[in-house]
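Working notes, beginning with the structure itself.
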Amino acid sequence: MTDTDARGIEPSADDERGDFYIVGIGASAGGYEAIERFFRQMPPDSGMAFVVVQHLSPDFKSLMVELLSKHTAMELFRVEDGIAVRPNCVYLIPPRKTMTLFQGRLYLSDIEHEHGLNLPINLFLRSLAEDKMEKAIAIIFSGTGSDGTLGIREIKGCGGMVIAQDPTSAKFDGMPRSAIGTGLVDAVLSPEDMPDTLLRFLTQLSVSQHAPSGIMRGQKFDRLSRLLAILKQKKQIDFTQYKTSTILRRVEKRMGINQIYTIDEYISFFQQT
């Protein structure tokens with residue numbers, strides 16, 4: 004566990020390249036329990052970094068570093084301005100602050116109107132999408148309202164991944180239901196099931212990237228055309244304006260999430276849903 008001014012901790016050369024995923028976790032009322040359940044199941048060496056943005060009362064003294072240290076062996080940081088994000092670490096927003104990511108570092112700003120409408124999750128997820136592009140992952144946990152919904156649109160627009168807490172497992176289902184309502188969520192899961200899904204996704208992605216041409220690139224494009232026709236019919240998603248490389252990336256990502264290894268299996272999967 005670490006609770007320090009981490010601005011002096013410099014990333015390694017590998018970390019500077021940013022070749023790792025950053026998971027932005029948004030939570031509000033009832034969110035701590037979900038966060039705890041999530042980290043209890045997340046191994047400390049996943050290769051991902053985790054940034055937690057939780058709505059906190061201005062007068063609240065956060066003990067999350069101390070509490071979470073009981074449930075994860077990862078290094079925990081209460082964010083200070085300019086901290087460099089490293090894999091296998093957890094970063095926690097302090098009270099009375101908003102936070103953004105820029106060039107692999109977290110920057111804090113004071114909340115201007117503490118009793119007005121503040122949407123820190125949207126703000127952070129937008130910056131995460133811009134900074135990490137397809138290596139951005141968003142998780143929306145328990146909370147009231149809709150903070151995070153606009154942010155996940157940016158994440159998906161950059162080719163990232165979005166997971167929402169199953170509303171039936173959330174103390175307050177407003178935020179996850181709002182996210183799910185966009186139709187952009189890749190998976191709806193209980194917090195303790197999310198780590199396994201993330202790890203399977205990364206494993207499958209690694210397999211596809213080290214294959215000669217990825218999972219799908221060796222498969223016939225007539226099958227891809229068939230899949231796109233099914234998506235247009237069933238999901239009202241029209242991919243005709245997308246570049247082929249973008250389509251392949253997105254389909255490979257969804258195949259990895261669902262542990263599907265051929266495009267024929269993926270077509271069958273969609274025909275049955």
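Reading the sequence shown from the start, the letters are residues 4 to 276 in our numbering. All C-beta atoms, glycine included, are put in the ideal place defined by N, C-alpha and C. These numbers were taken from a predicted model, which means no experiment stands behind them.
Taking 8 Å as the threshold (C-beta atoms), are residue j and residue i in contact?
i: D189; j: I166; result: yes
i: G148; j: S31; result: yes
i: I142; j: I28; result: yes
i: N91; j: S145; result: no
i: A173; j: A37; result: yes
i: V56; j: I96; result: yes
i: K1; j: F273; result: The question about residue 1 has no answer, for the chain in this structure spans 4 to 276.
i: G151; j: L128; result: yes
i: L79; j: V88; result: no
i: S72; j: F105; result: no
i: G154; j: N125; result: yes
i: D169; j: L192; result: yes
i: M51; j: F23; result: yes
Tell me where the beta strand (DSSP E) around residue i begins and ends.
i: A30; result: 25–30
i: M67; result: It is not in any beta strand (DSSP E) - M67 instead sits in the alpha helix (DSSP H) that spans 67–71.
i: F175; result: F175 -> no beta strand (DSSP E), and no H or E assigned at all.
i: Q168; result: 164–168
i: D113; result: 108–113
i: A141; result: 139–143
i: L104; result: 100–105
i: E78; result: 78–81
i: L59; result: Element bounds for L59: n/a, residue is neither H nor E.
i: V93; result: 92–95
i: L192; result: 190–192
For residue i, which residues in the same chain have their Cβ closer than 6 Å to its Cβ, ignoring the five residues on either side in sequence?
i: L111; result: D84, K100, M102
i: H74; result: E39, F42, R43
i: M45; result: P198
i: A214; result: Low per-residue confidence applies at A214: pLDDT is 48, beneath 50, and the placement is therefore not dependable enough to give any value.
i: P123; result: V56, T101
i: S181; result: S149, T152
i: E195; result: R40, Q44
Provide the residue span of the alpha helix (DSSP H) that contains residue i, from first to last.
i: E157; result: 152–160
i: F273; result: 266–275
i: A132; result: 123–135
i: E36; result: 34–44
I think residue i touches residue j, with their Cβ atoms under 8 Å apart; what is that distance to the nearest whole Å?
i: L109; j: I86; result: 5 Å
i: G163; j: R252; result: The pair is not a contact, with the Cβ atoms about 11 Å apart (cut-off 8 Å).
i: I266; j: R203; result: Rounded, the Cβ-Cβ distance is 18 Å, inconsistent with contact.
i: L230; j: I270; result: 5 Å
Who are the near neighbours of residue i in its chain, counting only those whose CB is closer than 7 Å to its CB and skipping five residues on each side?
i: A76; result: P47
i: G34; result: Q57, F144, S145, G146
i: M157; result: The question names Met, but residue 157 in the sequence shown is Glu. For E157, where only same-chain residues beyond five positions count, the Cβ hits under 7 Å are L128, R129, A132.
i: I263; result: Y269, F272
Excluding five sequence neighbours on each side, which residues of the same chain lie with their C-beta closer than 8 Å to the C-beta of residue i?
i: M2; result: Summary: the structure shown does not reach residue 2, with the chain confined to residues 4 through 276, and so no result is reported for it.
Is it the case that the CB of residue i approaches a heavy atom of the ligand FMN more closely than 7 Å?
i: V88; result: Summarising the ligand content, the structure contains no ligands, and the ligand FMN is consequently not present.
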